[in-house]
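Take a look at the structure set out below.
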Amino acid sequence: MKISSQSEPPLDPAFDAAYNAEMGSRKSIGNCRGQVAVLFALVFTFMFVLFAFVVDFGHLIHNKMNLQIAADSAAYAGAAWQARALNQMGLINYRMRQDYKELVMRAQITHARHNKNFPSSSNDLNGPIERLPSGFNAPSVCLQAHGFETVRGRRYAKDTNLCYNADPTGGGLPPIVVPPVLATFDPFSAAIAAQIKEIQRQADIECEQGRDDNERMVQHLLDIFAKPGTDLGGFRYRGDRARFHESQMTAVEDFINQAAQENPMSSTNPILAAARESATRNLTDSNLNGEFKMELLAPKESGP
Numbered sequence: 070m071k072i073s074s075q076s077e078p079p080l081d082p083a084f085d086a087a088y089n090a091e092m093g094s095r096k097s098i099g100n101c102r103g104q105v106a107v108l109f110a111l112v113f114t115f116m117f118v119l120f121a122f123v124v125d126f127g128h129l130i131h132n133k134m135n136l137q138i139a140a141d142s143a144a145y146a147g148a149a150w151q152a153r154a155l156n157q158m159g160l161i162n163y164r165m166r167q168d169y170k171e172l173v174m175r176a177q178i179t180h181a182r183h184n185k186n187f188p189s190s191s192n193d194l195n196g197p198i199e200r201l202p203s204g205f206n207a208p209s210v211c212l213q214a215h216g217f218e219t220v221r222g223r224r225y226a227k228d229t230n231l232c233y234n235a236d237p238t239g240g241g242l243p244p245i246v247v248p249p250v251l252a253t254f255d256p257f258s259a260a261i262a263a264q265i266k267e268i269q270r271q272a273d274i275e276c277e278q279g280r281d282d283n284e285r286m287v288q289h290l291l292d293i294f295a296k297p298g299t300d301l302g303g304f305r306y307r308g309d310r311a312r313f314h315e316s317q318m319t320a321v322e323d324f325i326n327q328a329a330q331e332n333p334m335s336s337t338n339p340i341l342a343a344a345r346e347s348a349t350r351n352l353t354d355s356n357l358n359g360e361f362k363m364e365l366l367a368p369k370e371s372g373p
């Protein structure tokens, strides 16, 4: 078996020339270089712009989150100082309640039972203490004698208990009323009436002896606990405790009002300064360079 190959006949030169003229002459592969570089440059530019957009948007979100964190820190710092102010108010209220309890304790128990040395000052004994006005609602002070000498000079035994003697529920005598003597001819009835009058006179003397001490004791308590400057019966009370509490309340009021009237960016008020420092120390450089500013928002009045 014989195998032979048959080669294709060569193209017609005229046909080849017509084809090249129609389709263009063949170019070498060396003239087609740089297409991948152009494609890479276009893709890289798009990716770079997209990456820059993502980074810029992320930076914006980061700044907003940082600003919110700084605002929360400022709010926490300001709230902490406001809580301290509220604690101070609560402490003032507590001390006022304690003073009221002390007033009741001293008026009804301590001064009434352990007053051997009251009044201990010559100013209390000889000072210009005016009478309380009629109908004034003052603490009821019952003086226990226990062997002390009154302002009028009467000295009691150590076991004397004026409150017990004056209280009918404790075994004392009720108010003594001398009845009229109908049988004037009966000497026995006249003697009984005379004795009742003597008992009434002694009871009046007892009340008269303790009156000045009781009144000075009430004046002393009012001078401590009454509102300062109170004018009763021509006597202006110092009001040591009340003046102290009033000064405390004024200090707290001024402290809070000062924060509402000053510029938070330059104020030295602890509330504003703590809020400002807490905010600025938590801010990034971009937020600090962006003209950071704090403002106090005035509460809006609610409508009817």
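When you line the sequence shown up against our numbering, it's residues 70 to 373, in that order. Quick reminder that beta carbons are idealized off the backbone N, C-alpha and C, glycines included. Being a predicted model, the structure only gives us computed values, none of them experimental.
{"Check": "Assigned secondary structure, Arg224 (DSSP; H/G/I helix, E/B strand, else coil)", "Outcome": "strand"}
{"Check": "Delimiting residues of the alpha helix (DSSP H) encompassing Pro339", "Outcome": "Pro339 to Thr349"}
{"Check": "Contact between the region 137-154 and the region 335-344 (3+ Cβ pairs under 8 Å)", "Outcome": "yes"}
{"Check": "Range covered by the alpha helix (DSSP H) that runs through Phe254", "Outcome": "Note, Phe254: premise wrong, no alpha helix (DSSP H); not H, not E."}
{"Check": "Ile261 versus Met318, Val247, Ile274 and Arg270, residue with shortest Cα-Cα distance", "Outcome": "Val247"}
{"Check": "Presumed contact (8 Å Cβ cut-off) between Gly308 and Ala295, rounded CB distance", "Outcome": "5 Å"}
{"Check": "Straight-line gap, Asp354 to Gln157 (C-alpha atoms, nearest Å)", "Outcome": "38 Å"}
{"Check": "Pair within 8 Å by beta-carbon distance, Pro333 and Leu365", "Outcome": "yes"}
{"Check": "Span of the alpha helix (DSSP H), counted from its first residue to its last, around Ala295", "Outcome": "Taken as a continuous stretch (DSSP letters only), Ala295 belongs to no alpha helix (DSSP H), as it is neither H nor E."}
{"Check": "Reference Ala143; option with closest CA among Leu357, Asn338, Thr349 and Ala152", "Outcome": "Thr349"}
{"Check": "Thr319, enclosing alpha helix (DSSP H) - first and last residue", "Outcome": "Asp309 to Gln330"}
{"Check": "Spatial distance of Glu360 from Ile325 (CA atoms)", "Outcome": "27 Å"}
{"Check": "Rounded separation between Val105 and Val112 - CA only", "Outcome": "10 Å"}
{"Check": "Gly384 to Asp141 span [Cα, whole Å]", "Outcome": "The shown model of the chain, from 70 to 373, leaves out residue 384, and the question about it has no answer."}
{"Check": "Residues near Ala139 in its chain [Cβ-Cβ closer than 6 Å; skip 5 each side]", "Outcome": "Ala348, Asn351 and Leu352"}
{"Check": "CA nearest to the CA of Asp381, picked from Arg223, Glu315, Ser258 and Asp323", "Outcome": "No answer is possible for residue 381: it lies beyond the span of the chain, which begins at 70 and ends at 373."}
{"Check": "Coarse secondary structure for Glu360, derived from DSSP in three states", "Outcome": "coil"}
{"Check": "Burial state of Tyr169, where buried means 16 or more other Cβ atoms lie within 10 Å", "Outcome": "exposed"}
{"Check": "Residues of its chain near Ala154, where Cβ-Cβ distance is below 7 Å and the 5 sequence neighbours each way are ignored", "Outcome": "Val321, Phe324 and Ile325"}
{"Check": "CA-to-CA distance, Val173 to Ser258, given in whole angstroms", "Outcome": "46 Å"}
{"Check": "Same chain only: Cβ atoms within 7 Å of Gln151, ignoring 5 sequence neighbours per side", "Outcome": "Ile340"}
{"Check": "Distance, Ala329 Cα to Met165 Cα", "Outcome": "27 Å"}
{"Check": "Separation of Leu129 from Ala311, as counted between CA atoms", "Outcome": "57 Å"}
{"Check": "Extent of the continuous alpha helix (DSSP H) run through Thr114", "Outcome": "Gln104 to Met174"}
{"Check": "Inter-residue spacing [alpha-carbon to alpha-carbon] between Gln327 and Met318", "Outcome": "14 Å"}
{"Check": "Among Glu315, Ile293, Phe126 and Phe254, the one whose alpha carbon lies nearest that of Glu171", "Outcome": "Ile293"}
{"Check": "Distance CB(Asn135)-CB(Asn356) smaller than 8 Å", "Outcome": "yes"}
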